Amino acid sequence: MNTVAETEPASSSPARATLQANVVAALSAVLPRGAVLFRHEETAPFECDALTAYRTSPMVVVLPDSEAQVATVLRTCHNMGVPVVARGAGTGLSGGATPHHAGVLLSLAKFNGLRIDPASCTAVAQCGVRNLAISEAAAPYGLYYAPDPSSQIACTIGGNVAENSGGVHCLKYGLTLHNVLRVRGFMADGEPVEFGSQALDAPGLDLLSIIIGSEGMLAVITEVTVKLIPKPQLARCIMASFSDIESAGAAVASVIANGIIPAGLEMMDKAMTAAVDAFVHADYDLDAAAILLCESDGTPEEVEEEIARMEAVLKAAGASRIEVSRDEAQRLKFWSGRKNAFPASGGISPDYMCMDSTIPRKRLAEMLRAIQQMEAKYRLRCVNVFHAGDGNLHPLILFDAEDAAEMRRCEQFGADILETSVRLGGTVTGEHGVGVEKLNSMCVQFSPGERAQFLGVKSAFDPLQLLNPGKVIPTLQRCAEYGKMHVHRGMLRFPELPRF
Amino acid sequence: MLARDAALSRLIDQVDSARARQCTLEICGGGTKRFYGEAPAGVPLDVTELSGISSYEPTELVVTARAGTRLEDLEELLQEHGQCLPFEPPRFATGGTVGGMVAAGLSGPARASVGSVRDHVLGITLLNGRCDLLSFGGQVSKNVAGYDVSRLLVGSLGILGIICDVSMKVLPVSVAKTTLSFDWDEQHALEQLARWAAQPWPINATAWHAGRLHVRLAGARAAVAAACERLGGERMDISAADAWWLALRDQSAQFFSLDAAYPAHGESLWRLSVPATAAPLALGGQQFIEWGGAQRWWRTTAPPSQVRETAARAGGHATLIRGADRRCVFAPLNGALMRVHKGLKKAFDPEGIFNPGRLYSGL
Chain S
0 MNTVAETEPA
10 SSSPARATLQ
20 ANVVAALSAV
30 LPRGAVLFRH
40 EETAPFECDA
50 LTAYRTSPMV
60 VVLPDSEAQV
70 ATVLRTCHNM
80 GVPVVARGAG
90 TGLSGGATPH
100 HAGVLLSLAK
110 FNGLRIDPAS
120 CTAVAQCGVR
130 NLAISEAAAP
140 YGLYYAPDPS
150 SQIACTIGGN
160 VAENSGGVHC
170 LKYGLTLHNV
180 LRVRGFMADG
190 EPVEFGSQAL
200 DAPGLDLLSI
210 IIGSEGMLAV
220 ITEVTVKLIP
230 KPQLARCIMA
240 SFSDIESAGA
250 AVASVIANGI
260 IPAGLEMMDK
270 AMTAAVDAFV
280 HADYDLDAAA
290 ILLCESDGTP
300 EEVEEEIARM
310 EAVLKAAGAS
320 RIEVSRDEAQ
330 RLKFWSGRKN
340 AFPASGGISP
350 DYMCMDSTIP
360 RKRLAEMLRA
370 IQQMEAKYRL
380 RCVNVFHAGD
390 GNLHPLILFD
400 AEDAAEMRRC
410 EQFGADILET
420 SVRLGGTVTG
430 EHGVGVEKLN
440 SMCVQFSPGE
450 RAQFLGVKSA
460 FDPLQLLNPG
470 KVIPTLQRCA
480 EYGKMHVHRG
490 MLRFPELPRF
Chain Y
0 MLARDAALSR
10 LIDQVDSARA
20 RQCTLEICGG
30 GTKRFYGEAP
40 AGVPLDVTEL
50 SGISSYEPTE
60 LVVTARAGTR
70 LEDLEELLQE
80 HGQCLPFEPP
90 RFATGGTVGG
100 MVAAGLSGPA
110 RASVGSVRDH
120 VLGITLLNGR
130 CDLLSFGGQV
140 SKNVAGYDVS
150 RLLVGSLGIL
160 GIICDVSMKV
170 LPVSVAKTTL
180 SFDWDEQHAL
190 EQLARWAAQP
200 WPINATAWHA
210 GRLHVRLAGA
220 RAAVAAACER
230 LGGERMDISA
240 ADAWWLALRD
250 QSAQFFSLDA
260 AYPAHGESLW
270 RLSVPATAAP
280 LALGGQQFIE
290 WGGAQRWWRT
300 TAPPSQVRET
310 AARAGGHATL
320 IRGADRRCVF
330 APLNGALMRV
340 HKGLKKAFDP
350 EGIFNPGRLY
360 SGL
């Protein structure tokens with residue numbers, strides 16, 4: 000997404016200048032030269048993550064290269080009551096790594112140590128190791144790390160833990176949560192801590208579960224132990240065309256209903272296939288209202304058996320055309336379009352806003368119809384790419400950020416998609432996280448009691464509220480204001496939903 | 000969203016009145032796992048009235064059941080639709096409930112290959128110690144809105160509140176299944192299991208005891224057939240194999256028996272959770288190894304300190320399952336982790352009403 004707004008002007012108040020000088024002095028005393036940045040030209044690259052619409056100038060940026068230094072930074076900031084925002088590669092799409100204007104941005108980019116242990120099928124990666132680097136290092140042993148978010152060439156394993164990242168293969172192989180055994184790091188006060196273990200479980204409450212996906216708000220993670228699994232010997236992909244979106248949606252449900260768990264099951268609508276085909280020439284069926292990509296992997300025997308079952312189910316579900324990848328080159332070609340959906344959208348519109356909600360699979364067609372109506376209502380185009388097997392949607396709303404009115408309509412369009420997802424029994428974020436982007440939508444999905452409980456969880460880990468403050472869980476005031484705004488617009492928030 | 004019917008209203012009233020009287024509660028389902036964890040305390044609160052399947056759509060691979068639903072009933076329903084709880088929760092006896100399964104967080108033989116109870120929980124509605132009815136997670140498998148509280152509740156032994164209903168991911172029953180057995184000693188079995196783990200075999204469960212390794216294969220017909228051919232071993236009769244795995248799952252096998260002789264012999268049953276590749280553990284007694292080496296059950300007279308040290312040296316931890324002295328059941332937590340536990344208990348159950356001391360003393 001391109002820049003659309005400057006939400007937080009770089010503050011230059013005298014109070015901040017004094018605090019900055021004190022924090023720089025304290026951190027410079029304990030970190031090596033060059034590891035503390037505070038001049039505007041040095042800190043500018045850290046103003047935002049991949050949600051570039053939200054920018055804040057960090058007060059101080061630190062670049063530690065050892066766990067001892069991380070502990071020292073945290074201890075120092077804790078003593079001074081200064082917020083800390085941890086950052087990996089900055090590829091997050093919801094602003095989880097947006098800096099705090101009176102805080103320290105803790106860049107963990109230098110933590111790139113990686114050890115593969117083929118005997119136990121595990122890898123121990125420092126948090127700054129790129130997702131794909133793990134699979135590349137494991138490849139000589141016939142192993143790989145399964146979660147594959149589309150940003151995997153750049154995103155880090157620490158960021159994946161913070162967001163509980165998925166990817167196109169998580170229908171069969173699970174999310175980050177299902178593939179991480181242990182994380183090591185530090186509490187807000189700098190005390191070292193480990194969640195999970197080298198075994199399959201750990202004593203006490205399952206704190207690993209709550210750390211994964213906590214968006215850097217509960218602890219700072221410096222090392223991650225992940226499971227590696229044997230690389231499938233073979234993968235083949237079916238491209239199936241459908242002449243209407245209802246039958247494509249029904250086909251997705253039908254594949255699952257027939258007891259098949261594909262390695263990947265993706266859907267693109269006609270507008271999306273046209274955009275990506277122009278971008279990468281993936282040989283998609285441009286006449287179809289929607290296409291499905293349905294992948295099988297495993298041993299050659301398994302794949303042969305499963306592809307035959309998938310073909311039969313897709314045919315019965317009314318596919319107008321079915322093509323099975325002949326070889327690896329063609330399979331990768333099928334996927335090239337899907338993987339380039341975002342950049343291709345950038346090619347047909349000055350700006351786009353990527354949504355990320357999840358709905359029950361059976362509501363896919365209904366959701367697509369609703370989005371079509373919203374296109375008319377907000378007078379903006381939307382192209383759709385779905386992790387259909389998981390019901391995880393990535394509608395891309397096309398707009399021009401130079402046009403303030405269009406920008407506003409785009410935001411309303413996005414909020415409408417998220418609220419419709421909640422109404423259909425889903426959630427406002429499937430894999431990109433809440434960050435700062437979806438704070439308002441959290442008011443819709445959760446009751447005040449639920450939000451208060453989340454804040455209680457936060458306090459149990461971080462009583463002084465210093466780690467990544469202001470993200471993920473909206474305050475009661477914020478939700479109250481958001482609620483009022485909705486009433487002003489005359490949009491009722493699901494009066495039919497029971498609320499306790 | 001959980002409907003607030005008579006059963007739920009009654010439950011809320013009961014908790015409210017317990018709060019008013021400053022009375023602690025022992026949350027009771029089917030009572031099949033009362034032996035697990037620290038000794039129960041508090042006035043028993045029966046939650047089995049809160050039962051029934053709230054929704055089940057086979058095409059979504061998701062079922063939502065109220066906590067008091069009997070596990071047998073749920074599994075029978077899934078079976079009718081060719082689906083199952085792939086993590087095979089141990090039942091110990093009849094009458095266990097969905098809520099109990101989640102609160103105990105125990106998984107069965109297939110855990111190493113398919114994941115745990117926690118891995119399959121998608122959403123939970125909880126009644127916390129403030130008498131707030133709260134929903135976390137949902138019915139979809141990709142969901143990162145807010146902290147993953149529903150999974151935190153798995154294995155929480157009821158100390159954070161009453162689990163009222165649970166949404167879970169279910170899976171189709173495997174098309175083909177076969178059990179192979181091998182006469183191998185512990186060392187050889189562990190080495191072989193480690194080798195297989197790095198290869199793409201459809202291994203669904205493994206168990207070694209007294210010189211014999213059992214390997215259950217499950218998956219596509221062709222894949223199971225190919226694995227049978229390559230792995231060798233002796234093929235077990237299907238119904239005998241099913242009975243054997245069931246006895247292991249439910250711990251009705253002789254090895255796990257609730258024999259009154261345990262205390263008399265000074266023997267305890269321990270569960271050691273260690274890295275699968277840990278070398279054979281040296282504790283006197285009998286051993287049953289599952290999960291490719293990651294779960295090792297011991298019937299031993301070794302003192303608790305020795306069992307804990309053995310597990311810790313191997314990179315894992317030990318839990319006392321059955322024994323004469325039911326104290327310090329779970330491995331102790333270090334300072335930072337215990338502080339978080341106390342903070343969470345305070346956040347969910349500030350007055351300490353629910354299952355006091357069941358997980359750790361003081362929580």
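Chains as they are written, first to last, in numbering that gives the first Met the number 0: chain S, 0 to 499; chain Y, 0 to 362. Built from N, CA and C at the ideal position, the CB exists for glycine as well. Keep in mind that this is a model prediction, so the values were computed, not measured.
Tell me where the alpha helix (DSSP H) around residue i begins and ends.
i: His177/S; result: Thr175 to Asn178
i: Thr75/S; result: Glu66 to Met79
i: Trp244/Y; result: Ile237 to Arg248
i: Asn203/Y; result: No alpha helix (DSSP H) holds Asn203/Y; the beta strand (DSSP E) holding it covers Ile202 to His208.
i: Lys341/Y; result: Gly334 to Phe347
i: Trp334/S; result: Glu327 to Lys338
i: Ser140/Y; result: Element bounds for Ser140/Y: n/a, residue is neither H nor E.
i: His99/S; result: Here His99/S belongs to no alpha helix (DSSP H), and DSSP marks it neither H nor E.
Taking just the CA atoms, how far does residue j sit from residue i?
i: Glu7/S; j: Val435/S; result: Unreliable placement is indicated for Glu7/S, whose pLDDT of 41 sits below 50; the coordinate value is still reported in the next sentence. Between Glu7/S and Val435/S, the C-alpha separation is close to 12 Å.
i: Thr214/S; j: Val456/S; result: The question names Thr, but residue 214/S is Glu in the sequence shown. Distance between the alpha carbons of Glu214/S and Val456/S: 13 Å.
i: Ser112/Y; j: Ser106/Y; result: 11 Å
i: Arg498/S; j: Ser446/S; result: Bear in mind that the predicted position of Arg498/S carries a pLDDT of just 30, short of 50, making it too unreliable to give a figure here.
i: Arg110/Y; j: Leu73/Y; result: 19 Å
i: Gly489/S; j: Phe385/S; result: In this prediction, Gly489/S scores a pLDDT of 34, lower than 50, which makes its location untrustworthy; the coordinate-derived value is nonetheless stated afterwards. The straight-line gap from Cα to Cα measures roughly 31 Å.
i: Ser155/Y; j: Gly203/S; result: 7 Å
i: Cys327/Y; j: Glu245/S; result: 57 Å
i: Cys353/S; j: Gly448/S; result: 30 Å
i: Asn203/Y; j: Phe254/Y; result: 22 Å
i: Ala252/S; j: Pro359/S; result: 10 Å
i: Val3/S; j: Ser348/S; result: The predicted model places Val3/S with a pLDDT of 36, which falls under 50 and marks its position as unreliable, so this point remains unresolved.
i: Pro44/S; j: Phe37/S; result: 12 Å
Quick check on the DSSP output: the beta strand (DSSP E) that includes residue i runs from which residue to which?
i: Leu10/Y; result: Looking at the DSSP string, Leu10/Y is not in any beta strand (DSSP E); the run it does join, the alpha helix (DSSP H), is Ala5 to Ala19.
i: Val42/Y; result: Val42 to Asp45
i: Glu25/Y; result: Leu24 to Cys27
i: Tyr351/S; result: Asp350 to Cys353
i: Asp276/S; result: Note, Asp276/S: premise wrong, no beta strand (DSSP E); alpha helix (DSSP H) at Lys269 to Val279.
i: Ser382/Y; result: Absent from the structure is residue 382/Y, since the part of chain Y shown begins at 0 and ends at 362.
i: Leu392/S; result: Asn391 to Phe398
i: Phe45/S; result: From DSSP, Phe45/S is part of no beta strand (DSSP E); its letter is neither H nor E.
i: Gln294/Y; result: Gln294 to Thr299
i: Trp183/Y; result: No beta strand (DSSP E) holds Trp183/Y; DSSP gives it neither H nor E.
Would you mind stating whether residue i and residue j have Cβ atoms separated by less than 7 Å?
i: Lys269/S; j: Ala249/S; result: no
i: Gly127/S; j: Pro146/S; result: no
i: Ala317/Y; j: Ala310/Y; result: yes
i: Asn178/S; j: Val123/S; result: no
i: Ala222/Y; j: Glu300/S; result: yes
i: Asp205/S; j: Lys141/Y; result: no
i: Thr426/S; j: Ala209/Y; result: no
i: Gly284/Y; j: Arg295/Y; result: no
i: Met216/S; j: Leu466/S; result: yes
i: Leu60/Y; j: Lys168/Y; result: yes
i: Arg150/Y; j: Val172/Y; result: no
i: Asn439/S; j: Tyr481/S; result: yes
i: Gln444/S; j: Val471/S; result: no
Have a look at the DSSP bridge pairing and note the partners of residue i.
i: Val35/S; result: Val61/S
i: His386/S; result: Asn391/S
i: Arg129/S; result: Thr155/S
i: Phe241/S; result: Ala289/S
i: Ile161/Y; result: Leu126/Y
i: Ala85/S; result: Leu105/S
Inside the segment 167–230 of chain S only - alpha helix (DSSP H) runs reaching at least 4 residues:
169–172, 175–178 and 206–210
Alpha helix (DSSP H) runs wholly inside the segment 400–482 of chain S, at least 4 long, in chain order:
403–422, 438–444 and 447–460
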